[in-house]
Amino acid sequence: MISAYTGTQIRAAEQPLLAAGMGAVLMQRASYGLANAIVHELRSRGRRLYGASVAVLAGKGNNGGDGLFAASFLAARGMRTTAVLTAGAAHPEALAAFERAGGRVHVLTDVNAGELAAHVAGADVVIDAVLGTGAQGGLRGAAAALVAGLDPGTSGLVVACDIPSGVDADTGEAHAPVLSADLTVTFGAAKVGLLADPGADHAGRVQVVPIGIEEHLPWPSLRRLEPDDLGQLLPRPGRRSHKYSRGVLGVVAGSADYPGAAVLACRGALAAGAGMVRYLGPPAVADLVRQSCPEVVCSTGSVADTRVQAWLVGSGMGPGDTDQLRRAYDAVESGLPVIADAGALPALPDVLGPQVVLTPHAGELAALLDRLGADYERSAVEANTLGAVRHAAALTEATVLLKGATTLVASPFQDFYSQADGTPWLATAGSGDVLAGIIGGLLAQMGPDVGRFRDAGIDPDERWAAIAALGASLHGLAGKAAAAGGPLTAGRIADAVPAVWAGLTGTLRAR
Numbered sequence: 005m006i007s008a009y010t011g012t013q014i015r016a017a018e019q020p021l022l023a024a025g026m027g028a029v030l031m032q033r034a035s036y037g038l039a040n041a042i043v044h045e046l047r048s049r050g051r052r053l054y055g056a057s058v059a060v061l062a063g064k065g066n067n068g069g070d071g072l073f074a075a076s077f078l079a080a081r082g083m084r085t086t087a088v089l090t091a092g093a094a095h096p097e098a099l100a101a102f103e104r105a106g107g108r109v110h111v112l113t114d115v116n117a118g119e120l121a122a123h124v125a126g127a128d129v130v131i132d133a134v135l136g137t138g139a140q141g142g143l144r145g146a147a148a149a150l151v152a153g154l155d156p157g158t159s160g161l162v163v164a165c166d167i168p169s170g171v172d173a174d175t176g177e178a179h180a181p182v183l184s185a186d187l188t189v190t191f192g193a194a195k196v197g198l199l200a201d202p203g204a205d206h207a208g209r210v211q212v213v214p215i216g217i218e219e220h221l222p223w224p225s226l227r228r229l230e231p232d233d234l235g236q237l238l239p240r241p242g243r244r245s246h247k248y249s250r251g252v253l254g255v256v257a258g259s260a261d262y263p264g265a266a267v268l269a270c271r272g273a274l275a276a277g278a279g280m281v282r283y284l285g286p287p288a289v290a291d292l293v294r295q296s297c298p299e300v301v302c303s304t305g306s307v308a309d310t311r312v313q314a315w316l317v318g319s320g321m322g323p324g325d326t327d328q329l330r331r332a333y334d335a336v337e338s339g340l341p342v343i344a345d346a347g348a349l350p351a352l353p354d355v356l357g358p359q360v361v362l363t364p365h366a367g368e369l370a371a372l373l374d375r376l377g378a379d380y381e382r383s384a385v386e387a388n389t390l391g392a393v394r395h396a397a398a399l400t401e402a403t404v405l406l407k408g409a410t411t412l413v414a415s416p417f418q419d420f421y422s423q424a425d426g427t428p429w430l431a432t433a434g435s436g437d438v439l440a441g442i443i444g445g446l447l448a449q450m451g452p453d454v455g456r457f458r459d460a461g462i463d464p465d466e467r468w469a470a471i472a473a474l475g476a477s478l479h480g481l482a483g484k485a486a487a488a489g490g491p492l493t494a495g496r497i498a499d500a501v502p503a504v505w506a507g508l509t510g511t512l513r514a515r
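To convert, take the position in the sequence shown, counting from 1, and add 4; that gives the numbering used here.
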């Protein structure tokens, strides 16, 4: 599991070592790790090392010092190094080491910003070491002009030192202009802003370099499940399992306009291991579900008369689908775990509970927040995804999953997950319906199993957020496997889930 921290948490963890006089040691560990990561990245891309050109954009603080020391190590490996001092001054010891290693130094001004931008754009490696995790706001003046003048299509490998300059380490907000990185080498631990959009979009691949502060870190502010975590958490049937013990999911989805949403939601739930799926909805939609998924038990009855362990509501429903919306409301009022998607979101009570998982996209989240009295536009959600999902979870007291290239999950207990396991090909009609089905199937199976989460170091009260993150990761991995680098349809996502599941768990033997 990847643990991420705010800039404040990282700086607090550094304090015991700084108080012990180890500041220089921390900088050497960070800069050597940065240089080593660049060497490995170049080799993995088949790039030459000797004679390669490196341009480091260095601010005046410790972040700039890390970049300059790293460039000194690279110069010792035969690379040609140039530094652009964006604030006129630099970390004294790091600058001296850089010059001793033969590096060339330019001082950035308003006059030469365009000329230096052209020089930097032609480098084989560009190190962004202007602003660190403690910076407020973004680049200004000549530094902003320099970065704005760079053409990402013509620059070489862009590596951010700790965090891309202009990205908020605590929220992921991006203050333009930001030089998007191919690789971010971050020190001590991942920063929250590297795992939440839009910051994650600028960070590229994130690599953590240990520097010795790990034992001083507190409980993380955000976590990301990795494949090993999925393998540990995903349920497997035992020898005495039967269809009812494996979880029964009730599905209230689909309408005359969007009947396929019900089919895709049911397929997602079945693929995710639900022992039984019961569908409630209009007769015409129920007929389509029967034809497409003969395993599903269909009915036109009520929520109160349907025995399940969890509910999925909302996919493919609109404001005119009054019978379905009534069922969705009743499902939430039942107190059982519920995943509420799409059309159900505007029709639910304002205050829910952690066992209710809401799955909006950015526009739906903005509308939800607006209905609850918070002034949000879609653009505001996209500019600070973590802040928006945190706000929604606090207002609704529900678990909120914000769909996107980076999926964020927030619990009302302020537990956060970030998953980015998929492919851009997942942006296709019906993908969200399959996601809802996968999460619904997992809720039905895993909701009662508090011991599984306790064994994994997850507070059982916060298991709903973990289940949502688990479902998002499984959906992303299945989409990536099904796409195989090309276009994708939603049904193929569901089809790919069992093989991905088997690969994650390693075996389907009962335990």
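Heads up, the beta-carbon is just placed ideally off N, CA and C, and yes, glycines get one too.
Note that the coordinates shown come from a computational prediction; the quantities given were computed from them, not determined experimentally.
- For Val162, the uninterrupted beta strand (DSSP E) run begins and ends at 161 to 165, by DSSP.
- The beta carbon of Gln423 lies closer than 6 Å to those of Thr411, Ala473, Ala476, Ser477 in the same chain, with the five residues before and after it left out.
- With contact defined as three or more Cβ pairs closer than 8 Å, the segment 314 to 334 and the segment 252 to 272 are in contact.
- In the three-state scheme derived from DSSP, where H, G and I count as helix and E and B as strand, Thr85 is classed as strand.
- Taking a cut-off of 8 Å for Cβ pairs, the segment 375 to 391 and the segment 315 to 330 do not touch, as fewer than three such pairs fall below it.
- In this structure the segment 394 to 408 does not lie against the segment 230 to 238, because fewer than three pairs of beta carbons, one per stretch, are closer than 8 Å.
- Cβ contact annotation for Arg49 (same chain, cutoff 8 Å, sequence separation greater than five): Leu161, in chain order.
- A check of alpha carbon separations from Pro181 across Glu386, Gly197, His206, Cys165 identifies His206 as the nearest.
- The beta carbon of Asp114 is closer than 8 Å to those of Gly145, Ala146, Ala149 in its chain, skipping five residues each way along the sequence.
- Restricting attention to Leu226, Gly367, Thr427, the CA atom closest to the CA of Lys195 is found in Leu226.
- DSSP links Tyr9 through a beta bridge to Lys195.
- In this chain, the beta strand (DSSP E) harbouring Gln423 covers 420 to 423.
- Under a 10 Å Cβ-count criterion, Lys407 is classified as buried, with 16 or more other Cβ atoms of the shown protein chains found around its own Cβ.
- The beta carbon of Ser319 lies closer than 6 Å to those of Ala257, Ala265, Ala269, Asp345, Ala346, Asp437, Ala440 in the same chain, with the five residues before and after it left out.
- Within the same chain, Cβ atoms closer than 6 Å to the Cβ of Gln359 are found at Pro341, Trp468, the five residues on either side in sequence being excluded.
- Gly107 is not a Cβ neighbour of Ala127, given a cutoff of 8 Å.
- In the structure shown, Ser319 falls within a coil segment according to DSSP collapsed to helix, strand and coil.
- Taking C-beta atoms under 8 Å as the contact rule, Arg382 and Ala366 qualify, at a distance of about 5 Å.
- DSSP, read as helix, strand or coil, puts Leu406 in strand.
- Taking C-alpha positions only, Leu446 is separated from Met31 by approximately 45 Å.
- Taking C-beta atoms as the reference points, Val213 and Ile131 fail to come closer than 8 Å.
- Secondary structure at Ile462: coil, using DSSP grouped into helix, strand and coil.
- Counting C-beta atoms within 10 angstroms of its own C-beta, Val355 has fewer than 16 neighbours from the protein chains shown and is therefore classed as exposed.
- Trp505 counts as buried, since at least 16 other C-beta atoms from the protein chains shown sit within 10 angstroms of its C-beta.
- In the DSSP assignment, Tyr36 falls outside any beta strand (DSSP E) and within the unbroken alpha helix (DSSP H) covering 27 to 48.
- When beta bridges are read from the DSSP output, Ile471 appears opposite no residue.
- Between Leu405 and Thr432, the beta carbon gap of about 18 Å keeps them out of contact (Cβ cut-off 8 Å).
- About 6 Å separates the CB atoms of Asp155 and Ala125; that is less than 8 Å, so the two are in contact.
- Selection Gly277, Gly272, Val210 evaluated against Gly242 yields Gly277 as nearest (Cα-Cα).
- Judged by DSSP in its simplified three-state form, Ala414 adopts strand.
- Short of 6 Å from the beta carbon of His479, and not among the five residues preceding or following it, lie these beta carbons of its own chain, in chain order: Leu439, Ile442.
- For Ile215, no beta strand (DSSP E) segment is defined, and its DSSP state is neither H nor E.
- For Ala91, no beta strand (DSSP E) segment is defined, and its DSSP state is neither H nor E.
- Secondary structure at Leu238: coil, using DSSP grouped into helix, strand and coil.
- For Ala62, the enclosing beta strand (DSSP E) starts and ends at 57 to 62.
- DSSP places Leu21 in the helix class (H, G or I) of the three-state scheme.
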